[in-house]
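All remarks here apply to the structure that follows.
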Amino acid sequence: MTPTESVLHAAPPRVVAVGGGGSGGLARLESALLRTVDASWLAAYRALFGLAMGVSMMRFLTYGWVDELLVSPRYRFHYWGFEWVEPLSRGHMHALFWALAALGLAVGAGLAYRLTAPLFALGLTYIQLIDVSTYLNHYYLAALLAWLFAASPAGRAYSVDAWLARRLRGRRGPPEAPQVAFAWHALFRTQIAVVYLFASIAKAQPDWLVHGQPLGIWLGASTDLPGLGRLFTLPGVPLAMSWAGFLYDATIVLWLSLRRTRPWAFVVLLTFHTLTRALFDIGMFPVIMTVSALVFLPATWPRDVARWVRARFGRPLPAAETAPADRVGWPARATWLQRLALGLGLAYCVFQVAMPLRTFLYGGNVLWHEQGMRFSWRVMVRAKGGSTTFFVRSKATGKVWHVTPRAYLTPYQENEMSGQPDLILQLAHTIGEDFALREGPVEVRVEAISSLNARRGAPLVDPKVDLLTVRDGLAPARWIAPAPPGPPPPIRPVL
Amino acid sequence: MSSSRQPPASRVPRPLAVVGAAVVAALAALAACHVTEDPRPGVSKRGPQATPELPPPIDAGVAPDAAALPVGPLACGARPSSTPPFTKQALLGAAADCAAWHACTFANAANVLSVTVASDAKDRTAESRALAQLAYRQAMLAWSGVELFQFGPVAEKVTDKYHGRGLRAFIHAWPGTNRCQVETQIATKGYAQGFDLVFPSARGLFAIEYALHYPGRDTSCSPSSTGGTAWAALSPDALAQAKGEYAVAVARDVSTRAIALHDVWLPTGENFKPKLVAADGYGSEQEALNVVAWSLLYPELEVKDLKLGSYAGYQTAAPIPESPFARLDIENVRANLRGFRSLFMGCGPEGEGLGFDDWLVAVGDAALARDVASLFATALAAADAFPPFQQATEAQFIEFYLKVRPLANLLKTNFFGSASSVNLKLPAGAASDTD
Numbered sequence: 001m002t003p004t005e006s007v008l009h010a011a012p013p014r015v016v017a018v019g020g021g022g023s024g025g026l027a028r029l030e031s032a033l034l035r036t037v038d039a040s041w042l043a044a045y046r047a048l049f050g051l052a053m054g055v056s057m058m059r060f061l062t063y064g065w066v067d068e069l070l071v072s073p074r075y076r077f078h079y080w081g082f083e084w085v086e087p088l089s090r091g092h093m094h095a096l097f098w099a100l101a102a103l104g105l106a107v108g109a110g111l112a113y114r115l116t117a118p119l120f121a122l123g124l125t126y127i128q129l130i131d132v133s134t135y136l137n138h139y140y141l142a143a144l145l146a147w148l149f150a151a152s153p154a155g156r157a158y159s160v161d162a163w164l165a166r167r168l169r170g171r172r173g174p175p176e177a178p179q180v181a182f183a184w185h186a187l188f189r190t191q192i193a194v195v196y197l198f199a200s201i202a203k204a205q206p207d208w209l210v211h212g213q214p215l216g217i218w219l220g221a222s223t224d225l226p227g228l229g230r231l232f233t234l235p236g237v238p239l240a241m242s243w244a245g246f247l248y249d250a251t252i253v254l255w256l257s258l259r260r261t262r263p264w265a266f267v268v269l270l271t272f273h274t275l276t277r278a279l280f281d282i283g284m285f286p287v288i289m290t291v292s293a294l295v296f297l298p299a300t301w302p303r304d305v306a307r308w309v310r311a312r313f314g315r316p317l318p319a320a321e322t323a324p325a326d327r328v329g330w331p332a333r334a335t336w337l338q339r340l341a342l343g344l345g346l347a348y349c350v351f352q353v354a355m356p357l358r359t360f361l362y363g364g365n366v367l368w369h370e371q372g373m374r375f376s377w378r379v380m381v382r383a384k385g386g387s388t389t390f391f392v393r394s395k396a397t398g399k400v401w402h403v404t405p406r407a408y409l410t411p412y413q414e415n416e417m418s419g420q421p422d423l424i425l426q427l428a429h430t431i432g433e434d435f436a437l438r439e440g441p442v443e444v445r446v447e448a449i450s451s452l453n454a455r456r457g458a459p460l461v462d463p464k465v466d467l468l469t470v471r472d473g474l475a476p477a478r479w480i481a482p483a484p485p486g487p488p489p490p491i492r493p494v495l
Numbered sequence: 496m497s498s499s500r501q502p503p504a505s506r507v508p509r510p511l512a513v514v515g516a517a518v519v520a521a522l523a524a525l526a527a528c529h530v531t532e533d534p535r536p537g538v539s540k541r542g543p544q545a546t547p548e549l550p551p552p553i554d555a556g557v558a559p560d561a562a563a564l565p566v567g568p569l570a571c572g573a574r575p576s577s578t579p580p581f582t583k584q585a586l587l588g589a590a591a592d593c594a595a596w597h598a599c600t601f602a603n604a605a606n607v608l609s610v611t612v613a614s615d616a617k618d619r620t621a622e623s624r625a626l627a628q629l630a631y632r633q634a635m636l637a638w639s640g641v642e643l644f645q646f647g648p649v650a651e652k653v654t655d656k657y658h659g660r661g662l663r664a665f666i667h668a669w670p671g672t673n674r675c676q677v678e679t680q681i682a683t684k685g686y687a688q689g690f691d692l693v694f695p696s697a698r699g700l701f702a703i704e705y706a707l708h709y710p711g712r713d714t715s716c717s718p719s720s721t722g723g724t725a726w727a728a729l730s731p732d733a734l735a736q737a738k739g740e741y742a743v744a745v746a747r748d749v750s751t752r753a754i755a756l757h758d759v760w761l762p763t764g765e766n767f768k769p770k771l772v773a774a775d776g777y778g779s780e781q782e783a784l785n786v787v788a789w790s791l792l793y794p795e796l797e798v799k800d801l802k803l804g805s806y807a808g809y810q811t812a813a814p815i816p817e818s819p820f821a822r823l824d825i826e827n828v829r830a831n832l833r834g835f836r837s838l839f840m841g842c843g844p845e846g847e848g849l850g851f852d853d854w855l856v857a858v859g860d861a862a863l864a865r866d867v868a869s870l871f872a873t874a875l876a877a878a879d880a881f882p883p884f885q886q887a888t889e890a891q892f893i894e895f896y897l898k899v900r901p902l903a904n905l906l907k908t909n910f911f912g913s914a915s916s917v918n919l920k921l922p923a924g925a926a927s928d929t930d
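First to last, the protein sequences are chains R and L.
Residue numbers for the first sequence follow the numbering used here, beginning at 1 and rising by one.
Residue numbers for the second sequence follow the numbering used here, beginning at 496 and rising by one.
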C-alpha cells in the first residue's frame, strides 16, 4: 500500500471520539484531514473527469489536431530538461490518442484503476511535453488532476473494480458506503481553488480592470451571437464583463463553499462557463471547471442526489447506502505512513501556490516578458501577437540573411512563438546551428515586433543582442525588451 | 546522487536494455538525418542559387496598342466603390462586389487571350504574336489583381476550408509552376486526353507565357525523362507547332476557368455573395472576415518573401520568378499592391469605397488604418519607381524590400494575430483550443 493509499484506507472506517488523535493545532489539523468521509464525491468526480478526458482525446482525433499540432511540425519547442521528448510516428501517435481515450473512459468507470489511471496521466503528460507551443492552462490542469486521481483511491468506490471484487468474494446485496480520508477532498479543493485564485490575480491589472481589454477585442468577434451579440456593442459592456469575470474568479470558491450561497453560486458557475464556451475557443475547459466545482459540495452529494431521485420514484436507498454526515470516521492515531502522505499532499499544495507566485520575482509586466507565465493560471488575460524575422549574419563575410519562422514552423507554432520570448530564443539557436553548418560562425538577431492587447507593435526582444550568446534560464532575461508604455487603444465591438 | 546508487549495468532488465538500445539507435538515426538533410523547403546545402540565365523573350518587332485588342464579352461596369455605413456585413458585401469585378475583368482578359492565341497559332505572324503577347500581359495584370481575392471557391481548400475549390491553381499555380511539366505536355500532347490529367504546374498563365515568349528550343527536362525524350524527337517546326497548339489549348482552358470564376459571383450563376455576407458555412461572421482578410497577407508572403526577398539576397532559397519569360514581374507586383488597396481600402480606382480600414476606424483604431495607408503608399511608390527585375541591382531590391517590409510587419503584428484590433486571426493550420 502506498502512503497515499494508506491515508484513504485508514482501515475500515471506524467511528471514534471527535478530537481523537492528539492535541494542539497541528494534531487537530492532522486529525481533521485523516477523518474519513463518504467516498461517493470522489467516485462521481472520477467518473465525470474520465468521461470528459475521453471526449477530449476524441476531439484531438476528430479535429485533426494530432497531426496538425503534434505530428506534422518539423520543428518542436522543448521544455527545459525535456529536450529528449519527441513524438511517436504518425500511426503510433494516433494509436496513443485512441488508447488515451479508452484509458480516460476506463478511469471514469474505475476499470483496472491502479493501471489505467497512472497510464492515462503518463500519456497526457507525454503529449503535453512534446511541444511547448501547444501549452494550454487547461491541458496542464487536466494533467495535474489526472496525476492526483492516479494517486488517489478513487477506483475503490463505485467502480468496475469494486464490483468485480465483490463478485469474486461472493458478496451479495448492496455494498457498504465506502469512505475516504477528508485529506483527498481538501487536496482537490485546494487544486481547484488555486486555479480560480490565481486566475483572479492575473486579472487584477489595469488593462483588464480599467480598459476592459482584451475582452473588448474578443467580444468584437461575437457580435453576431444570437441574442447577446448586440449587447456587446453597448458602451461599457466589455468593461462590465471584465469586472464580472474578475469577481467571479476571485469569489466563486467562497460562494461554492458556503451552504447558503451554494445553489446560486452553481447557477452563476453554469452561466459563466456556458458563456465562455460560447464566446471563446476554450474547448473542454468549461466542462473541466464545471465538473471540478463539484468538489466544493459536501462529500455526500452524489448519494444525496441518488436518494432524492429514488425517493421521487418511491424507491428509497437501502440503509447501507445511506451515509449521513454523522457517520464520519475519526482515526484514533495517525501512522507514520499517513503522516508521510499528508506531508506529500502539503508539499504539493505549497508547490501549486509557489509556482504562480514566482512571476512576481521577475517584476515588470508578465504578460509582456512571459517569465513565470506558464503554470500560473493566467487564463485568457492577454491578446498578444506579432511578426518575427531572424537576421543571421556571417561573422566571416558579414553577409546577412533574413530568415522567416515559416521556414521552420507551422502557422500555429509561429503564431504562438511570436509572443513568447523563450520560444524565439530556442528557434534562434536552431537557426544559428543550421547556418553555422553551412556558413561557419554566425550571429543571430531578431526583429520580434509584438503587440499586447492591440497596442502598437514594439520590439519584444532587444534587436541588438546576438541571441546565440544567450542561454535560457530562470534568471530575469535582460535580452527581453521592456513592455511598451501607455494604455491599450479603446477598441470597442461593432456590428 | 552518488554513482554508487546507480544500478549496475548487468542488472538492467533485459526488456529495458532492448528499449534503451532502440531509443539510442533511433536517436542516432535521427541525428544522422538531421546532419544530412535540411528540412526547410528551398534550402540548399549548396548555398544561394541564381536564376538560370534565359534568353530575352520573343520580340515580335511590332508594338500593338491595347486598343487593337478585341473587347471581352462581359459587361463588368465601373469599379464598385459605394460607401454605405460600416457594418461587418457591408464589408463582406463590398469585398464580394470587388472580387466579382476583378473576376469579371479577368474573364474578359482571358477570353481575349484565348482568341488572340488561337489567331497567332493559325497566322504565326509577328503581328499576331505581338497581339497575343499583349493580351497575355493584360490577362496577367488582371489576374495579379484577382490574386488579392483568394476567398470562396477561388481559394485553395487550405485557405478557405469552408468553400475553397482551388480554382486559382488551374489559372496561375505560381510558385508551384514547373517548366519541365509544361514542356512535357507540349512534347507528349498528354493534354489531348483531357485537362483533368494535367498538373496545375504545367498549365495556366505560366504555360501560356512560356509558349508565347520563350524562344529557346532547349528543355529543362532531363534527357532520359519522358518529356526530355519526346522533346528531343521534335523538329524545330514541329516544336513551334506543338507550342502553339498547347498555348491554344491552355488559353481555352484558362478562359473556361475564368468564366467559372466569374460565375461564382454572378447572381444568375453560383451567386456566392449572399452566402459570404451571411457567413453561410463559415460558422460565424468573424470567421468569414478572417478568410477574406487572409488575402491581405499577400504582400507579406508572396511579395516580400517570394518575389523580393530572394533577389535582395536575404533568403537562402533560390528565387522563383513569377514571370521568367515575359518578364512582367514588377508589373505584377504593382498590380498585386493595387489589388491590396482594393480590398483593404476600397475598390475604387484610388481606394475609394468600403474596406477593412473602415472597420479599424469603426472599432476605434483609426491610427492603425492611417499607418497602414501610409506604409502602403510608400510600398506602392517604391514599386512604381522600380525598374524591370532583370535590370535591377541587388541594392535596388534591398531598398524595395525594406520599403515593403514595414507594411508586412504592421499587418502581421497589429492587423492580424492574437492582438489584432479587429480580432483577425492569422491563418493557422490548426484551429486549436485556447486559454
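Just so you know, even glycine gets a beta-carbon here, dropped at the ideal spot from N, CA and C.
Taking 8 Å as the threshold, the shortest C-beta distance from residue 224 of chain R to chain L falls below it. As the crow flies, the alpha-carbon of residue 784 of chain L is around 45 Å from that of residue 554 of chain L. Between the stretch 84-92 of chain R and the stretch 103-111 of chain R, the count of Cβ pairs shorter than 8 Å is below three; the stretches do not touch. In terms of Cα proximity to residue 228 of chain R, the closest of R:278, R:171, R:440 and R:186 is R:278. Of the candidates R:170, R:74, R:442 and R:143, the residue whose Cα lies closest to the Cα of residue 285 of chain R is R:143.
Assigned with DSSP and collapsed to three states, residue 73 of chain R falls in coil, not helix or strand. Residue 309 of chain R carries a helical assignment under DSSP once its states are collapsed to helix, strand and coil.
By the Cβ rule, the stretch 156-164 of chain R does not count as touching the stretch 131-147 of chain R, because fewer than three pairs are nearer than 8 Å. Beta-carbon to beta-carbon, residue 830 of chain L and residue 639 of chain L are separated by about 3 Å, close enough to satisfy the 8 Å threshold. Annotated three-state conformation of residue 443 of chain R is strand, per DSSP.
Taking a Cβ-Cβ threshold of 9 Å, the residues of chain R close to residue 781 of chain L are 220, 221, 222, 223 and 224, in chain order.
For residue 448 of chain R, the three-state secondary structure derived from DSSP is strand. Only exposed fits residue 717 of chain L, as fewer than 16 other CB atoms lie within 10 angstroms of its CB.
CA-to-CA, the gap between residue 123 of chain R and residue 346 of chain R works out to about 25 Å. Under the three-state reduction of DSSP output, residue 179 of chain R falls in the strand class.
Look at the stretch 356-379 of chain R: the residues with a C-beta under 8 Å from a C-beta of chain L are 379.
Only 404, 407, 408, 410, 411 and 412 from the stretch 403-414 of chain R bring a Cβ to less than 7 Å from some Cβ of chain L. Boundaries cannot be given for residue 907 of chain L, as no alpha helix (DSSP H) includes it and DSSP labels it neither H nor E.
The stretch 614-633 of chain L and the stretch 643-656 of chain L do not touch, with fewer than three beta-carbon pairs separated by less than 8 Å. Leaving aside the five residues that flank residue 425 of chain R on each side, the residues in its chain whose CB is nearer than 7 Å to its CB run, in chain order, 467, 470 and 472. Following the DSSP letters along the chain, one finds residue 768 of chain L inside the alpha helix (DSSP H) bounded by residues 767-772. Counting other Cβ atoms within 10 Å of its Cβ, residue 333 of chain R stays below 16 and is therefore classed as exposed. Within the same chain, 662, 665 and 666 come within 7 Å of residue 752 of chain L by CB-CB distance, once the 5 residues on both sides are set aside.
Residues of the stretch 576-594 of chain L with a C-beta atom less than 9 Å from some C-beta of chain R are 581, 582, 583 and 584, listed in chain order. Counting C-beta pairs with one atom in each stretch, the stretch 845-863 of chain L and the stretch 723-742 of chain L have fewer than three that are closer than 8 Å, which means they do not touch. For residue 400 of chain R, the neighbours in chain L by C-beta distance under 9 Å run, in chain order, 808 and 809. In this structure, the straight-line span from the alpha carbon of residue 854 of chain L to that of residue 596 of chain L is close to 22 Å.
Contact residues of the stretch 891-917 of chain L toward chain R are 896, 900, 903, 904, 905, 906, 907, 908, 909, 911, 912, 913, 914, 915, 916 and 917 (C-beta to C-beta distance below 9 Å).
If the five residues before and after residue 790 of chain L are omitted, its C-beta is found closer than 7 Å to the C-beta atoms of 643, 644, 645, 646 and 838, all from its own chain and listed in chain order. Straight across, the Cα-Cα distance linking residue 290 of chain R with residue 303 of chain R is about 19 Å. The alpha-carbon separation between residue 920 of chain L and residue 908 of chain L amounts to approximately 11 Å. Taking the beta carbon of residue 841 of chain L as reference, no residue of chain R falls within 7 Å; the closest one sits roughly 18 Å away. Within the same chain, 375 come within 6 Å of residue 355 of chain R by CB-CB distance, once the 5 residues on both sides are set aside. Look at residue 402 of chain R here: in three-state DSSP terms it is strand. Between residue 157 of chain R and residue 306 of chain R, the C-beta spacing is not below 8 Å. Taking 8 Å as the upper bound for CB-CB distance, residue 674 of chain L and residue 705 of chain L are in contact here, some 7 Å apart.
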